[in-house]
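Q: The opening residue of the sequence shown carries number 101 in the working numbering; numbering runs sequentially from there. The C-beta atom is built at its ideal place from N, Cα and C for all residues, glycine as well.
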Amino acid sequence: ELAETVFSNSLRDPLTKALKRDAFLEFLDQQHAMLTRRPARFCLFLVEVARFDRLEGASVREVGDVLLRQLADILRNATRMGDVLGRYGHDNFAIYLHGIEQEQGRQVAQRICKLAAANVFEITRGERRLTFSLTVSVGGAEWAAPTTVAALCATAELSLSQAQKTGGNTQEIAFVPGPA
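Shown next, in the form of structure tokens:
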């Protein structure tokens, strides 16, 4: 039991309790192998805090850590049990949504944006009380045909980049076509 706990903890980001990037990508590889034998649909989302670099630069690391923990909780609440959350980078997350098509994915992305914007984060530092609202950008890719995990991630990253150019609380979902 202790060995299981240690192993499980080694796969998770200690701050957000989401899967670490490598563990998440390994999970995607496993799903890809399974789904090439039994095709099904799923979406991969990348979620990033809008203008996080300015937030952290304007305050202390502690503020960023609190926001990332709370964002991870928001993402868990916005998705279904069985969807998988991973810490994809410093200020972004990846979400695997099984059995979701592009339009359903768009609805989930909108829910994520709304929940993030609706939360006000407060941190008390001595006599100072810091209040932040949070906006996110969501990029996604729908996998519906045999393609590589690398191509799926690249498409989700491109979608995220397009959403970021639009501004906070936006989402872009793309379809990843399989080979012709």
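(1) State the start and end residues of the unbroken alpha helix (DSSP H) segment that holds A263.
(2) When burial is assigned at 16 or more other CB atoms within 10 Å of the CB, is G239 buried or exposed?
(3) Is it the case that the stretch 128-139 contacts the stretch 248-263, given that we only count it when at least three CB pairs across the two stretches are under 8 Å?
(4) Over the uninterrupted alpha helix (DSSP H) stretch that includes H132, give me the two end residues.
(5) What is the residue span of the beta strand (DSSP E) that L197 lies within?
(6) Determine contact between the stretch 107-124 and the stretch 183-201, defined as no fewer than three beta-carbon pairs at a distance below 8 Å.
(7) Counting only the same chain and skipping the five closest in sequence on each side, list residues whose C-beta sits under 8 Å from that of L168.
(8) Just tell me which of V163, L171, R180, T179 has its CA closest to the CA of R228.
A: On the basis of the coordinates in this document:
(1) As a first step, residue 263 is located in the sequence shown; it is residue number 163 there, counting from the start. From DSSP, the alpha helix (DSSP H) with A263 extends over 249-266.
(2) Residue numbering aside, residue 239 sits at position 139 when the sequence shown is read from its first letter. So G239 ends up on the buried side.
(3) The stretch 128-139 and the stretch 248-263 touch, with three or more beta-carbon pairs separated by less than 8 Å.
(4) The count along the sequence shown starts at 1 and reaches residue 132 at position 32. Here the alpha helix (DSSP H) through H132 covers 121-137.
(5) Mapped onto the sequence shown, residue 197 falls at position 97. Residues 192-198.
(6) Output reads yes: the stretch 183-201 touches the stretch 107-124.
(7) Stepping through the sequence shown from its first residue, residue 168 is reached at position 68. Result list for L168: L115, T116, V149, D191, in chain order.
(8) Numbered from 1 along the sequence shown, position 128 holds the residue referred to as residue 228. With distances taken between Cα atoms, R228 lies closest to V163.
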